[in-house]
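**Student:** Using my numbering, read the sequence shown as starting at 450 and increasing by one per residue.
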Amino acid sequence: MKTKSKIFKHMHHQYLYRSQCTEANAHVQENQRVHTCFLQFFSTLIHFQTQQTPKMATASSTLAVFFPTKTTITRPHSHSHSHPLTIKASSNSTNPPLPGRKLRAAVIGGGPAGSSAAEALASGGIETFLFERNPPTTAKPCGGAIPLCMLEEFNIPSHLIDRHVTRMRIFSPSNLSVDFGKTLRPNEFIAMLRREALDSFLRSRAESLGAKLVSGLVTNLELPESSTSPYVVHYTSDNSRHSLPVDVVVGADGANSRVARSIHAGTYACAIAFQERIKLPDHKMEYYNDLAEMYVGNDVSPDFYAWVFPKCDHVAVGTGTVCAKQNIKLYQKGIRDRVKHKISGGKVIKVEAHPIPEHPRPIRIRGRVALVGDAAGYVTKCSGEGIYFAAKSGRMCGEAIVKASEGGDRMVNEDDLKREYLRVWDSKYVTTFRFLDLLQRVFYGSNAAREALVELCDDEYVQRMTFESYLYKKLADGDRLQDVKMVWNTIGSLIKCNMVGSK
């Protein structure tokens, strides 16, 4: 029997990086694609169900991620970086010591990934420089939803939370709706916040723990001449050019990463997200007090979803696509048309657009340079969400450098970064990211599939498994009988919506 890694390797070669967005495909070709995705989808579910151990996913936990949220392999532990890290590498390190000084690191980009990396580095004894543009660039379009576990794990203060969302309503292409939140406990919610507020807080905290905040635009990364000579960060600040030699670089500068280009990390397909922030009259804002909405359909996106998420005193209305980026404003008009009676009388106060990576970069580490967050491509396919994974990857990378350098006393190399960061990250998350890619192809490929998706979301067992996985970043304990029922309900929904057995 094939191992799980072989199955996902096979899935990876068939589906990853392949566009399925050509509208001119013949109906028979589309059916063949759907049948292939469908068979892959359920063969994977069956494999997970029959091969599971107490530490592996149940079918229910795996299927739960079809709703546009995210699921990871283990629940993270809460960490407080109020005190310096004391992580030490093994005593047999062969890296040269750095007599009379500490390892010097440059973190390029001050979003959740970069700030979390800088915090871990500075707390662990590394001389850390955190680069962020001045004035800060507009925060990328983002729903701003974060799971409960992130509030604890990253010590996010309650005053940053704009809304406690306890109801998620998803609308099908035919405008049928399902309330997704029936199984939430009284103390459970989805935290909604503004990226600009979160980013500013995380940068300030990293600075308070010892990172040196550099307000400037990095223009180039000069590569070293030897394995121990420095990288040189070239940047502009206050209309002047500057340079800084460093030992190690963390690229956290987003989907259009200059750091990635400097190390020839390869390219990847990007979606585009477009979002308008709309200030509503008070009586209409009340409707979104604890409610977030998601819309699926060809009118709002051919391969993604549109959203209306509440903020402090306004709503964020947006959409995204990877295969029809030139039509993004048409899809934005589509979501505005779908919600026009809910947002009429509102005033647009901000318009945002930003690229979103569709899969990890071919190369995420080269030499003493590591990529994290969007620069590395850590965005889940079904939801386009990346805040938690950005912060998590930044922290893991920072802690890996601290460990490999023995608290900043030794030089690090490419093998250290791959061993302590990249392999650990991939072992935790790569399977989930690949499976979410497959789920997007099954459920976002046509309006019929989207109708099936919304129908499935009405099942309370599906809702419980999904929210448990999303809120706590752990696989929920499933029930075998309910797992079987859920699989058959999925088959039934797809058949009913003409996705299976059509000719």
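Cβ coordinates follow ideal geometry from the N, Cα and C atoms, glycine included. Quick caveat, the model's predicted, so the values are computed rather than measured.
1. Alpha carbon to alpha carbon, what distance is there between residue 700 and residue 772?
2. Quick check on the DSSP output: the alpha helix (DSSP H) that includes residue 783 runs from which residue to which?
3. Is the region 624–631 touching the region 643–662 in the sense that three or more CB pairs, one from each, lie closer than 8 Å?
4. Does the region 788–800 come close enough to the region 812–829 to have 3 or more Cβ pairs within less than 8 Å?
5. Would you list, in sequence order, the uninterrupted alpha helix (DSSP H) runs of no fewer than 4 residues that lie entirely inside the region 797–881?
6. Starting from residue 732, trace the alpha helix (DSSP H) in both directions and tell me its first and last residue.
7. Should the region 852–868 be regarded as contacting the region 835–842, the criterion being three or more beta carbon pairs within less than 8 Å?
8. DSSP three-state call for residue 745: helix, strand or coil?
9. Starting from residue 689, follow the beta strand (DSSP E) in both directions and report where the run begins and ends.
10. Does DSSP put residue 545 in a helix, a strand or coil?
11. Counting only the same chain and skipping the five closest in sequence on each side, list residues whose C-beta sits under 7 Å from that of residue 825.
12. Using beta-carbon positions only, say whether residue 697 and residue 595 come within less than 8 Å of one another.
13. Pick out whichever of 600, 691, 574 and 719 has its Cα sitting closest to the Cα of residue 807.
14. Pop quiz: residue 644 and residue 591 are said to be a contact at Cβ under 8 Å. What is the actual Cβ separation, rounded to whole angstroms?
15. Only counting the same chain, and skipping five residues up and downstream in sequence, which positions put a Cβ closer than 6 Å to that of residue 543?
16. Span of the beta strand (DSSP E) holding residue 723?
17. Residue 640 and residue 613 look like a contact to me (Cβ under 8 Å); what is the Cβ gap, rounded to whole Å?
18. Identify the continuous beta strand (DSSP E) that holds residue 581 and give its terminal residues.
19. Taking the DSSP output, what are the residues bridged to residue 738?
20. Three-state secondary structure (DSSP) at residue 642?
21. Could you pull the DSSP bridge partners for residue 628 from this structure?
22. Across which residues does DSSP place residue 557 in a beta bridge pair?
23. Are the Cβ atoms of residue 565 and residue 847 separated by less than 8 Å?
24. Taking the alpha-carbon positions, what's the residue 792 to residue 751 distance?
25. Could you say which of 913, 803, 874 and 743 lies nearest to residue 703 if we only look at CA atoms?
26. With residue 545 and residue 677 assumed to form a contact (beta carbons below 8 Å), what rounded beta-carbon distance in angstroms separates them?
27. Applying the criterion that 16 or more other CB atoms from any shown protein chain within 10 Å of the CB defines a buried residue, is residue 852 buried or exposed?
28. Roughly how far, in whole angstroms, is the beta-carbon of residue 956 from the beta-carbon of residue 615, given that I think they are within contact range, below 8 Å?
29. In whole angstroms, what separates the C-alpha of residue 707 from that of residue 668?
30. Measuring CB to CB, does residue 753 end up less than 8 Å from residue 769?
31. Do you know how far the Cα of residue 606 is from the Cα of residue 880?
32. Using beta-carbon positions only, say whether residue 610 and residue 662 come within less than 8 Å of one another.
33. Have a look at 905, 832 and 784 and flag the residue whose alpha-carbon is nearest the alpha-carbon of residue 886.
34. So which of 782, 724, 912 and 554 has the shortest CA-CA distance to residue 747?
35. Below 6 Å CB to CB, which residues in the same chain sit around residue 787 once its five sequence neighbours on both sides are set aside?
36. Beta-carbon within less than 7 Å of residue 553's beta-carbon, same chain only, minus the 5 sequence neighbours each way: which residues are those?
**Tutor:** So, to answer that:
1. 27 Å
2. 777–787
3. no
4. no
5. 822–825, 836–853 and 863–866
6. 731–734
7. no
8. coil
9. 689–695
10. coil
11. 809, 810, 813 and 842
12. no
13. 719
14. 5 Å
15. none
16. 719–728
17. 7 Å
18. 576–581
19. BP columns for residue 738 are empty, so no partner.
20. coil
21. 618
22. 580 and 700
23. yes
24. 23 Å
25. 803
26. 7 Å
27. buried
28. Only positions 450 to 952 of the chain appear in the structure, and residue 956 is not among them; the question remains open.
29. 8 Å
30. yes
31. 31 Å
32. no
33. 832
34. 782
35. 744
36. 576, 695 and 696
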